[in-house]
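Numbering-wise, this note's numbering comes out as the position in the sequence shown, counting from 1, plus 67. By construction, the Cβ of each residue, glycine as well, lies at the ideal position given by its N, Cα and C atoms. What follows is a short report on a single structure.
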Amino acid sequence: MKIACHCGAVIVDQTDFLSYKAYVVADRDWEDFVDASESKGRIDSSLVRLSYQCPQCGRLYVEDASRELHAFIPDEHKVQVLGSSEGVDWRAPLIGSWNDRPYAGQAKGHLWCDADGGTSTEFDDWEQLELAYQALFKRLRESDRLRSALLRKNGQDVHSWACKA
Ligand SMILES: [Zn+2]
Numbered sequence: 068m069k070i071a072c073h074c075g076a077v078i079v080d081q082t083d084f085l086s087y088k089a090y091v092v093a094d095r096d097w098e099d100f101v102d103a104s105e106s107k108g109r110i111d112s113s114l115v116r117l118s119y120q121c122p123q124c125g126r127l128y129v130e131d132a133s134r135e136l137h138a139f140i141p142d143e144h145k146v147q148v149l150g151s152s153e154g155v156d157w158r159a160p161l162i163g164s165w166n167d168r169p170y171a172g173q174a175k176g177h178l179w180c181d182a183d184g185g186t187s188t189e190f191d192d193w194e195q196l197e198l199a200y201q202a203l204f205k206r207l208r209e210s211d212r213l214r215s216a217l218l219r220k221n222g223q224d225v226h227s228w229a230c231k232a
């Protein structure tokens, strides 16, 4: 999903853990939402509406009951309101990936982590990617910044770790 913001920015929704996306449940739906979660053990997504905030101009986009997006302009310029309640303490996934035959114009390796102190770096050497992944994994684990970690090479898991909360 992509939203063309009125300011010219494009708000992209193609990955998990976005810092500018949230899920909204109406107060009149809240009890039904909680009941479904508790009794059926699953989220009733029909009651959940999406919300996005443009990282560039701060416009807030909220879906109405018929899934149409509406834009709202903040009084205070660029206040970001949809980030994690954990703030900079939010624990992020660490993902390293390598492909011997990448798509045209793409690097073979990529290391990504959106935690405070994380990175988004491209690699053309597997050993350098693996070293950088292990170093970042060690550093972010020690500072409790990770929820999971995954290093993949040509579709195979080389290393994986998940926080046991
Ligand atoms: Zn915008």
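Gln147 beta carbon near ligand 1 (any heavy atom closer than 6 Å) | Incorrect: Gln147 has no Cβ contact closer than 6 Å to ligand 1.
Identity of the residue in Glu98, Gly154, Val225 and Gly184 nearest Leu196 by Cα = For Leu196, the nearest C-alpha among the options comes from Val225.
Enumerated in chain order, which unbroken segments of the beta strand (DSSP E) with a length of 3 residues or greater are wholly contained in the segment 98 to 178?
-> For the segment 98 to 178, whole beta strand (DSSP E) runs of length 3 or above, ordered along the chain, are 115 to 120, 127 to 130, 136 to 139 and 159 to 165.
Beta-carbon separation (whole angstroms), Val92 vs Val115, contact threshold 8 Å = The C-beta distance from Val92 to Val115 rounds to 6 Å, short enough to fall under 8 Å.
Kindly examine ligand 1 and report whether one of its heavy atoms sits closer than 6 Å to the Cβ of Cys180.
-> Result no, Cβ not under 6 Å from ligand 1.
Near ligand 1: Arg126 beta-carbon under 6 Å from a heavy atom = Relative to the non-hydrogen atoms of ligand 1, the Cβ of Arg126 comes within a distance shorter than 6 Å of at least one.
When Val148, Phe100, Ser215 and Ala138 are compared against Cys74, the one with the closest alpha-carbon | Measuring from the Cα of Cys74, the nearest candidate turns out to be Ala138.
Is the distance from the Cβ of Asp111 to the Cβ of Val155 below 7 Å?
-> In this structure, Asp111 lies away from Val155, with their beta-carbon atoms at least 7 Å apart.
Check whether Ser215 and Ala229 have beta carbons under 7 Å apart = Taking 7 Å as the Cβ cut-off, Ser215 and Ala229 qualify as a contacting pair.
Output the boundary residues of the alpha helix (DSSP H) element that contains Tyr200.
-> Taken as a continuous stretch (DSSP letters only), the alpha helix (DSSP H) holding Tyr200 covers Trp193 to Glu209.
May I have the straight-line CA-CA distance separating Arg212 from Gln147, to the nearest angstrom?
-> Distance between the alpha carbons of Arg212 and Gln147 is about 21 Å.
Within 6 Å: the Cβ of Gln81 and any heavy atom of ligand 1?
-> Checking the 6 Å criterion, the Cβ of Gln81 is out of range of every heavy atom belonging to ligand 1.
Pairwise C-alpha distance: Asp96 and Ser133 | For Ser133 and Asp96, the distance between alpha carbons rounds to 14 Å.
Where the beta strand (DSSP E) containing Tyr87 begins and where it ends = Taken as a continuous stretch (DSSP letters only), Tyr87 belongs to no beta strand (DSSP E), as it is neither H nor E.
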